[in-house]
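Using this note's numbering, the first residue of the sequence shown is number 535, and each one after it goes up by one. In this text, a Cβ means the ideal position worked out from N, Cα and C, and glycines have one as well. These figures come from a predicted structure and were not determined experimentally. Okay, structure first, notes after.
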Amino acid sequence: MNTQQYIEENKDRFLKELFDLLSQPSISADPKYSENVFQTAEMLKNNFKKIGLENTQLFQTKGFPIVYGEKMHNPNLPTILIYGHYDVQPPDPLDLWESEPFSPEIRNGKIYARGACDDKGQFFMHVKAVEAMIATNELPCNVKFMIEGEEEVGSENLETFVKKNRDLLHADIILISDTGIIANDTPSITTGLRGLSYVEVEITGPNRDLHSGLYGGAVANPINILCNMIASLHDEDNKITIPGFYDQVEVLSDSERDDLAKAPFNLDHYKKELDIDDVYGENGFSTMERNSIRPTLDVNGIWGGYTGEGAKTVIASKAYAKISMRLVPHQKSNNITNLFKKHFESIAPKGTKVKVTPHHGGEAYVSPINEKGYLAASKAMEETFGKKPIPVRSGGSIPIVALFESELKLKSILMGFGLDSDAIHSPNEHYGLFNFYKGIETIPLFFKYFSKET
Ligand code: BES
Ligand code: MN
Ligand code: MN
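Structure, rendered in structure tokens:
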């Protein structure tokens, strides 16, 4: 039996095993679920053992474990290191889910569950593809797995682990499925990720909540002030006003921009799918450029004051917001965080205090399209989709990828199979059965072509 026949025969079991993983609420952000996150790691390690990986281990960290396993059958062959994450985002708002987020279910050919696409359904394709290659004696190279449990909360402990385990992680390339394709009939490979700087801000006015009649008009209202300050962070061209923010931004040549514009994009479909009558963004750039090669600043949450039933007349003492900045190549996350802090503190008016607290961040990443890793992925996808994949820069972030490059000197190939419409991080996250099986079918071909061309 060959690899593809083995996959065909074991399809249903693969899906059943994925369902077991998806049934675990491995929510890294919420301490209530910490036991489930540990259990998920344990389940995964057992699966690694079952498929014949060796040296399977849970590397404990200050947070959640890193699940490791390898098959190093010939030192003369190249080694592919597979990265993914078994943690998921919190499922809320729960009432918007049509089925329970941790009771996976198939509807219209799609697997519905938190983590179905991001990233359990995607990294598990690699586990099953490798199982098939081992079982049929067709593994053409060595393989290592490193699946972490803290991607959704910043990968801090993986960073420490990578720095301490350079030898263990020695490889020729990193292969990751944690991104997407343009459409099921338009394959693409992600060649860039944005970096991230994330801060929380707090504005304090008076020392306590006040009667908005007795004090209104005479003291700074922290919510009004916060709104003004946030509004001032963009100018009339929708450029970010923080001094120095664009200084390091990579400027693409006209021909590079022309190349990017070749990826199919239909503005009418885009608007229709989101139910908006127009798009919005930085002047002088297309929608695709705005969400890939340009940096952004967005409020992710804002709160303060009275938000309960009815009306309460009050001036709150404090107002808060969480703000993310997506960064592009050459911008440095720490530097941008500092520029933000300095600027935000400088624009707070008298009568208020401002506090800026940095959260996790990370650097942008770009991968070349003329190296063997990319070429192997391109050939593999061309064979299974019947079309040559298009290189696309994504707007999302996987901060650890830039660290793999700086610490391990390894490029990552972002061969993901999700769709933008899979609702990752949103209610009703799903992953197509088509995509799950297409991934399992494509991965062994990557192994084959990468091993040949080394
Ligand atoms: N897998 C996503 C990132 C992604 C999705 C990149 C689709 C490209 C296409 C990852 O799990 C994620 O959600 N990353 C976070 C950053 C992290 C530090 C929380 C993000 O991009 O917001
Ligand atoms: Mn992910
Ligand atoms: Mn995610």
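For the options 825, 572, 887, 874, the alpha carbon positioned closest to that of residue 681 is the one of 572. With a cut-off of 8 angstroms, the C-beta of residue 685 is classified as near ligand 2, since at least one heavy atom of the ligand falls inside that distance.
Counting along the chain, the unbroken beta strand (DSSP E) around residue 682 starts and ends at 676–682. Shortest gap from the CB of residue 652 to any heavy atom of ligand 1: under 8 angstroms.
Boundaries for residue 722: no alpha helix (DSSP H) harbours it, while the beta strand (DSSP E) harbouring it runs 722–727, taken from the DSSP string. Sixteen is the threshold: since fewer than 16 other Cβ atoms of the shown chains lie within 10 Å of the Cβ of residue 847, the residue is exposed.
The beta carbon of residue 858 lies closer than 6 angstroms to those of 732, 832, 834 in the same chain, with the five residues before and after it left out.
Membership of residue 888 in any alpha helix (DSSP H) is not indicated; the residue belongs instead to the beta strand (DSSP E) covering 887–896. DSSP places residue 664 inside the alpha helix (DSSP H), whose first and last residues are 654–669. Separation of residue 744 and residue 849 (C-alpha to C-alpha, rounded to the nearest whole angstrom) is 5 angstroms. Ligand 3 never approaches residue 893 closely enough for any of its heavy atoms to be under 8 angstroms from the residue's Cβ. For residue 958, the CB falls within less than 8 angstroms of some heavy atom of ligand 3. Per the coordinates, the alpha-carbon of residue 608 lies some 34 angstroms from the alpha-carbon of residue 897. The nearest non-hydrogen atom of ligand 1 is 8 angstroms or more from the C-beta of residue 715. Sequence-distant partners of residue 842 (beyond 5 residues in either direction) whose C-beta falls short of 8 angstroms from its own C-beta are missing from its chain. Taking a C-beta distance under 9 angstroms as the contact criterion, residue 964 and residue 645 qualify as a contact pair.
929 is the residue among 775, 929, 836 whose C-alpha sits nearest the C-alpha of residue 821. Contact between the stretch 971–987 and the stretch 905–925 is present: 3 or more CB-CB pairs across the two stretches fall below 8 angstroms. Around the Cβ of residue 697, a 10 Å sphere holds fewer than 16 other Cβ atoms; the residue is exposed. With a threshold of 8 angstroms, the Cβ atom of residue 623 counts as near ligand 3, since some heavy atom of the ligand is closer than that. Note: residue 736 is bridge-paired with 854, 889 in the DSSP secondary-structure output. For residue 605, the uninterrupted beta strand (DSSP E) run begins and ends at 600–605, by DSSP. In its chain, beyond the 5 residues on either side, 815, 816 have a beta carbon closer than 6 angstroms to the beta carbon of residue 824. Contact annotation: residue 614 and residue 651 have beta-carbon atoms that are not nearer than 9 angstroms. Taking a 10 Å sphere around the C-beta of residue 620, we find 16 or more other C-beta atoms and assign the residue as buried.
When 872, 577, 932 are compared, the shortest CA-CA separation from residue 711 is found for 932.
Listed in chain order, the non-local C-beta contacts of residue 648 below 6 angstroms within the same chain comprise 622, 625, 635, 963, local neighbours out to five positions each way being set aside. Contact annotation: the stretch 875–892 does not touch the stretch 940–947, with fewer than three C-beta pairs closer than 8 angstroms.
With fewer than 16 neighbouring CB atoms inside 10 Å of its own CB, residue 547 falls in the exposed class. Annotated three-state conformation of residue 565 is helix, per DSSP. Relative to the Cα of residue 780, the nearest Cα in the group 863, 798, 809 belongs to 863. In this structure, residue 856 places its C-beta atom within 9 angstroms of the C-beta atom of residue 836.
Rounded to the nearest whole angstrom, the C-alpha separation of residue 638 and residue 956 is 14 angstroms. Around the beta carbon of residue 583, a 10 Å sphere encloses fewer than 16 other beta carbons of the protein chains shown; the residue is thus reported as exposed. For residue 950 against residue 724, the beta-carbon gap comes to about 6 angstroms, under 8 angstroms, which counts as contact.
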